[in-house]
Structure formats: C-alpha cells, structure tokens
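Mapping of the sequence shown onto full-length UniProt numbering: position 116 corresponds to residue 116, and the numbering continues sequentially without gaps.
Don't be surprised by glycine CBs; every beta carbon is placed ideally from N, CA and C.
All remarks here apply to the structure that follows.
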Amino acid sequence: MKCPYCGKDNTRVIDSRPADDGDSIRRRRECDECHKRFTTYEKVETIPMIVIKKDNNRETYDRAKIEGGVFRACHKRPISAAQIEAMIDDVEACIFNKEEREISSEEIGELVMGKLKDLDSVAYVRFASVYREFKDVNTFMDELKKILE
Numbered sequence: 001m002k003c004p005y006c007g008k009d010n011t012r013v014i015d016s017r018p019a020d021d022g023d024s025i026r027r028r029r030e031c032d033e034c035h036k037r038f039t040t041y042e043k044v045e046t047i048p049m050i051v052i053k054k055d056n057n058r059e060t061y062d063r064a065k066i067e068g069g070v071f072r073a074c075h076k077r078p079i080s081a082a083q084i085e086a087m088i089d090d091v092e093a094c095i096f097n098k099e100e101r102e103i104s105s106e107e108i109g110e111l112v113m114g115k116l117k118d119l120d121s122v123a124y125v126r127f128a129s130v131y132r133e134f135k136d137v138n139t140f141m142d143e144l145k146k147i148l149e
C-alpha cells in the first residue's frame, strides 16, 4: 500500500479488524519510511448480476422479485417464512455459483420451480401457473400430471 504522506510503497499493517458495517475490514498501517500512520478499508468487489428478461431487456438482479413470487405462491400454505427464506437462499446460491454476469429469467424461474416442487406441490402449481402463463385448463392439467407421476 502506498503511503498517502510520502508516497513510498513500504507500509505494514499494525492492526486489522472488521469495520462498523461488517462488510469490510479496517486496517491501521504505518509507513516504514516516514513512520506516519493511516487507515485503509478493504471491501469485496461485487459485480452486479444482470437478468435477461423474456423480451430480451436486461435489468439488475433483484431478490425481492423472487421473494414476491414465492410468497404469493405459498400464501395460506403450511410453509414457514424460514423455509421460504432458506429456499430462496438456495436459489440465489445456484445463481451466483454459476460465476456468470448474466442469467435468463427463464433459468431463474426453473430453479425456483424445482425448489418449490420439493417444498410444496400446491405452491409449485401456483407459481408454475403464473410463470408458465397457463392459457387454458389443458396446460394446467398437463402440469398436474407431471407432479402426479
């Protein structure tokens, strides 16, 4: 780290601790040349995830959109908020573990449906009916047959 006072590269860390926000590290440093002390903050660089919508528009990833859809699908079902949060955490982990900067909304929807199918079949059908835009009873019945098999 370069000293802000003399510009030399020879600095060392004296103290290191989490910063107040909990998302960064505060480091107290001392320059080996001029012996002045200064503070630096180290933070993880995040790259925003971009979602490619069905109409090919792009927008930044928003967890709240997944939460809204899942909470509506699970409305009046015997599923706790903790179970829903854990399921969404799993979906999010799958999304970010791909290490790609863009993901399609279809891929996110399929991940959510896969997790919902394991959690609650009624919530799964509710979510699928909106996500897959069922046009008539036959498409709805086809999805129900998949679950029953």
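In terms of Cβ geometry, F127 and M141 do not form a close pair [threshold 8 Å].
Between A19 and R28, the C-beta spacing is not below 8 Å. C-alpha of D9 to C-alpha of M87: approximately 47 Å in a straight line. Under DSSP, the beta-bridge partners assigned to K43 are S24.
Secondary structure note for D118: its alpha helix (DSSP H) is the uninterrupted segment S105 to L119. Restricting attention to F71, P4, M49 and S16, the CA atom closest to the CA of F38 is found in P4. With 16 or more other Cβ atoms inside 10 Å of its own Cβ, L116 counts as buried. Proximity of the stretch 72–84 to the stretch 44–59 falls short of the contact definition, fewer than three beta-carbon pairs being nearer than 8 Å.
Counted as a single uninterrupted DSSP element, the stretch harbouring I52 is not any alpha helix (DSSP H) but the beta strand (DSSP E) occupying residues I50 to I52.
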